[in-house]
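Written below as structure tokens is the structure these notes are about.
There are 2 protein chains.
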Amino acid sequence: MEKELDSETLDWRSVCPIASGLDVLGDKWSLIIVRDLIQHGTRTYSEFGDSPERISTNILAARLKWLTSLGLIEHVDPERASRNNAYRLTASGLALRPVLEELGRWSQNHLKALHPDIVDIL
Amino acid sequence: MEKELDSETLDWRSVCPIASGLDVLGDKWSLIIVRDLIQHGTRTYSEFGDSPERISTNILAARLKWLTSLGLIEHVDPERASRNNAYRLTASGLALRPVLEELGRWSQNHLKALHPDIVDIL
DNA sequence: CGTATTAACTTGTGTTTTGCAAGTTATACT
DNA sequence: AGTATAACTTGCAAAACACAAGTTAATACG
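First to last, the protein sequences are chains A and B. Going by the numbering used here, the first sequence opens with residue -11, and the numbers climb by one from there. Going by the numbering used here, the second sequence opens with residue -11, and the numbers climb by one from there.
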């Protein structure tokens, strides 16, 4: 049996807002999911698998649960079963847009030397 | 023998700037180190251990090497031995400030409910 | 100058988290 | 009713993390 992570179980490393943001989103996949939802508006489970980063399904499922329990994403129709019931960002999730914009801008300006193929758009 | 991670060995998940930024900084500790350096200007190895998040020394050493190999941080005096030779941000590292500001702002606005003790400053 | 301190790591070990492949369940279409 | 397939789960190997302890070498002190 796996240890279930949810927003109740979380222990915060400190009272610092930056550290707290990283407690919640400081991994390689959560913000990729948010990015996909910003770009596409809504996305079903299997559509997330189409992104070039190729997230594996167990991690995708775990992160979708996690982001849902944090209130950053939700099913488009909260009543229906999950098949073909896409995910979308809540207001909290949408508010991450400036963070992603700054991160993308930084990468374009400072990672090009290491990664010449990096593209110029968000 | 441990697998040494450095900027040569890195494989990028995609050409997306956001994904690329996360390839490099998408973990729980790298941006904490950057935050400490933004706040304090310079920091010695052991001073990093004073921060409330209590990074362990093996991870600290690994991240300092990593951030150095990426050119985000450097020793204050590149000639001297490392004892009492503090680290500081390079221009690339300093350019992360807006990213941290947006992340901190987001946390203050959207994590207060889950984490009431979160503070209001950077 | 020799010894003691201590900053800056390194190593060892156990525990989580990740990554990949394969399997399961249930909805919806025919 | 039967089949296809979206949405997960499970199992296991590999990597990352956490914690404690040990090592090395530069500086402070007598």
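Beta carbons are placed, not taken as given, at the ideal position from N, Cα and C, and that holds for glycine. Every value quoted in this text rests on a predicted model; they were computed, and no experiment measured them.
Please confirm if residue i has its CB atom under 8 angstroms from at least one CB of chain A.
i, result
"A50 of chain B", "no"
"N97 of chain B", "yes"
"D124 of chain B", "Residue 124 of chain B is absent from the structure shown; chain B starts at -11 and stops at 110."
"R31 of chain B", "no"
"I106 of chain B", "yes"
"I47 of chain B", "no"
"E35 of chain B", "no"
"H103 of chain B", "yes"
"I6 of chain B", "yes"
Which word fits residue i, buried or exposed, when buried means at least 16 other C-beta atoms lie within 10 angstroms of its C-beta?
i, result
"A69 of chain B", "exposed"
"V12 of chain A", "buried"
"V107 of chain B", "exposed"
"E35 of chain A", "exposed"
"G29 of chain A", "exposed"
"S44 of chain A", "exposed"
"R31 of chain B", "buried"
"R51 of chain A", "buried"
Between residue i and residue j, what straight-line distance do the alpha-carbon atoms span, to the nearest angstrom?
i, j, result
"N73 of chain B", "E67 of chain B", "10 angstroms"
"E(-4) of chain A", "G59 of chain B", "38 angstroms"
"I61 of chain B", "S2 of chain B", "25 angstroms"
"L55 of chain B", "S18 of chain B", "8 angstroms"
"E90 of chain B", "V87 of chain A", "5 angstroms"
"Y33 of chain A", "S57 of chain A", "16 angstroms"
"I109 of chain B", "I6 of chain A", "10 angstroms"
"H63 of chain B", "R23 of chain B", "16 angstroms"
"E41 of chain B", "G92 of chain B", "16 angstroms"
"A53 of chain A", "G37 of chain A", "Before going on, a small fix: residue 53 of chain A reads as Lys here, not Ala. In a straight line, the C-alpha of K53 of chain A is about 16 angstroms away from that of G37 of chain A."
"W131 of chain A", "Q27 of chain A", "This structure does not reach residue 131 of chain A, given that chain A is present from -11 up to 110, and the question cannot be answered."
"D196 of chain A", "A83 of chain A", "This structure cannot speak to residue 196 of chain A, because chain A is shown only from -11 to 110."
"L48 of chain B", "A101 of chain B", "31 angstroms"
"N46 of chain B", "D15 of chain A", "19 angstroms"
"T78 of chain A", "R71 of chain A", "20 angstroms"
"Y75 of chain B", "S8 of chain A", "24 angstroms"
"C4 of chain B", "D65 of chain B", "35 angstroms"
"R85 of chain B", "Q96 of chain A", "15 angstroms"
"L(-2) of chain B", "S39 of chain B", "28 angstroms"
"I20 of chain A", "D(-6) of chain A", "19 angstroms"
Establish whether the CB of residue i and some CB of chain B are separated by less than 8 angstroms.
i, result
"L55 of chain A", "no"
"S44 of chain A", "no"
"M(-11) of chain A", "With a pLDDT of only 45 at M(-11) of chain A, under 50, the local geometry of the prediction cannot be trusted, and no value is derived from it."
"L155 of chain A", "The structure shown does not extend to residue 155 of chain A, since chain A spans only -11 to 110, so no value can be given for it."
"I61 of chain A", "no"
"I20 of chain A", "yes"
"D15 of chain A", "yes"
So residue i packs on residue j, CB below 8 angstroms; how close in whole Å?
i, j, result
"G81 of chain B", "L25 of chain B", "7 angstroms"
"H103 of chain A", "W0 of chain B", "5 angstroms"
Checklist entry - Relative to chain B, which residues along the region 63 to 89 of chain A have a C-beta separation below 7 angstroms, given in chain order? => result S80, A83, L84, P86, V87 and L88
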